[in-house]
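Have a look at the structure below before the remarks.
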Amino acid sequence: MKKIFLKPIFILSLSAGLFTGCVNEDEFDIPTIRPVIFTEDFNEVDFNQVLDYEGWTNFAEAGTKKWIERDFNNDGYAQFSSFGSGEASNIGWLISPAINMDANEGEILSFQSASNFVDNANNKLEVFVSSDYDGTNVLTATWVPLNATVADNTTNNYTYIPSGNIDLSTYTGTLHIAFKVTGNGSTLDGLFQVDKIKVYSLN
């Protein structure tokens, strides 16, 4: 008799717990899914080789140095350093594939950057966008600087800095994002890293 009595009480208690543990849908927030328009993590790495990702432009405006593929603990990134170039000027561009800005609204750009051995503010990383770059002629395109937070001579030791959310919502058509490093083989020979590039929509 004791066992027969306890069993239904246990079942009733369990059922009550299940029902009282439920909450209405309006009692919590469902995370908003942001449509991702473009993303690049540089995780397909040919270590220390010139970066040659499909659709990307890797262009040396001055000197012979270009962006290279690197990784740390299986986390890839793009890196530019003029160290050891022996050249009076090194300017390297890394330009994204074309990004369609007409399929969504409220577009936002974010990325991370890091630096090391950067001792001079003239050794710098800059970020631009262009709506008229033809995929080949870098220096004839119109490049608009973006107000992004980037690594510099005050953020060394390979510490990644988030760019912040950069508003691209006013652009239409095709857009390219460019990362440009200025340095040289003597006094401006630090390195810069870029990773986790993402363009997504707030709408």
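In terms of our numbering, the sequence shown opens at residue 1423 and continues consecutively. For every residue, glycine included, the Cβ atom is placed at its ideal position computed from N, Cα and C.
| task | Would you mind reading off the limits of the beta strand (DSSP E) that contains ASP1617? | result | Counting from one through the sequence shown, the residue named residue 1617 turns up at place 195. That run of the beta strand (DSSP E) goes 1613–1623.
| request: Rank GLU1466, VAL1472, ILE1521, ASP1474 by C-alpha distance to the C-alpha of ASP1556 and give the top, closest one. | output: The residue you call residue 1556 lines up with position 134 of the sequence shown. When only C-alpha atoms are compared, the closest one is ILE1521.
| Contact set for SER1585: own chain, Cβ-Cβ below 8 Å, skip 5 residues either direction | Locating residue 1585 in the sequence shown gives position 163, counting from the first residue. In its chain, beyond the 5 residues on either side, LEU1531, SER1532, PHE1533, GLN1534, SER1535, VAL1549, ALA1570, THR1571, VAL1572 have a beta carbon closer than 8 Å to the beta carbon of SER1585.
| request: Apply the 10 Å Cβ neighbour rule to GLY1508 and answer buried if 16 or more other Cβ atoms are within range, or exposed otherwise. | output: Along the sequence shown, read from residue 1 onward, the residue named residue 1508 stands at position 86. GLY1508 is exposed by the Cβ-count criterion.
| query | Between ASP1474 and ASN1480, what straight-line distance do the alpha-carbon atoms span, to the nearest angstrom? | reply | The residue given as residue 1474 occupies position 52 in the sequence shown. The residue given as residue 1480 occupies position 58 in the sequence shown. One C-alpha to the other measures close to 7 Å.
| In three-state DSSP terms, what is VAL1560? | Sequence index remark: in the sequence shown, residue 1560 carries index 138 (1-based). In the displayed model, VAL1560 falls within a helix according to three-state DSSP.
| query | Would a C-beta distance cut-off of 7 Å place PHE1601 and VAL1621 closer than the cut-off? | reply | Numbered from 1 along the sequence shown, position 179 holds the residue referred to as residue 1601. Numbered from 1 along the sequence shown, position 199 holds the residue referred to as residue 1621. In this structure, PHE1601 lies away from VAL1621, with their beta-carbon atoms at least 7 Å apart.
| request: Round the Cβ separation of ASN1542 and LEU1613 to the nearest angstrom and send it over; I've been treating them as touching at under 8 Å. | output: For this step, residue 1542 is matched to residue 120 along the sequence shown. For this step, residue 1613 is matched to residue 191 along the sequence shown. 13 Å between Cβ atoms; not a contact.
| query | According to the Cβ coordinates, are ILE1490 and VAL1472 closer than 7 Å? | reply | To locate residue 1490, count along the sequence shown from 1; it is residue 68. To locate residue 1472, count along the sequence shown from 1; it is residue 50. In contact: ILE1490 and VAL1472 (Cβ atoms closer than 7 Å).
| field | Sequence-distant residues of the same chain with beta carbon closer than 6 Å to MET1423, five excluded per side | value | Your numbering for residue 1423 matches position 1 in the sequence shown. With a pLDDT of 39 at MET1423, under the threshold of 50, the modelled position of that residue is not reliable, and the figure given next carries that caveat. Hits under 6 Å: none found.
| field | Whole-angstrom distance between GLY1485 and THR1592, CA atom to CA atom | value | Taking the first residue of the sequence shown as position 1, residue 1592 is located at position 170. Taking the first residue of the sequence shown as position 1, residue 1485 is located at position 63. If I take the Cα positions, the gap works out to 35 Å.
| query | What is the residue span of the beta strand (DSSP E) that GLY1514 lies within? | reply | Here the question's residue 1514 lines up with position 92 in the sequence shown. Counting along the chain, the beta strand (DSSP E) containing GLY1514 begins and ends at 1512–1517.
| Any C-beta of chain D under 7 Å from that of ILE1588 | Structure shown: chain D not included; a single protein chain is present.
| field | Cβ-based burial, SER1504 [other Cβ within 10 Å; buried from 16] | value | If you number the sequence shown from 1, residue 1504 lands on position 82. SER1504 is buried by the Cβ-count criterion.
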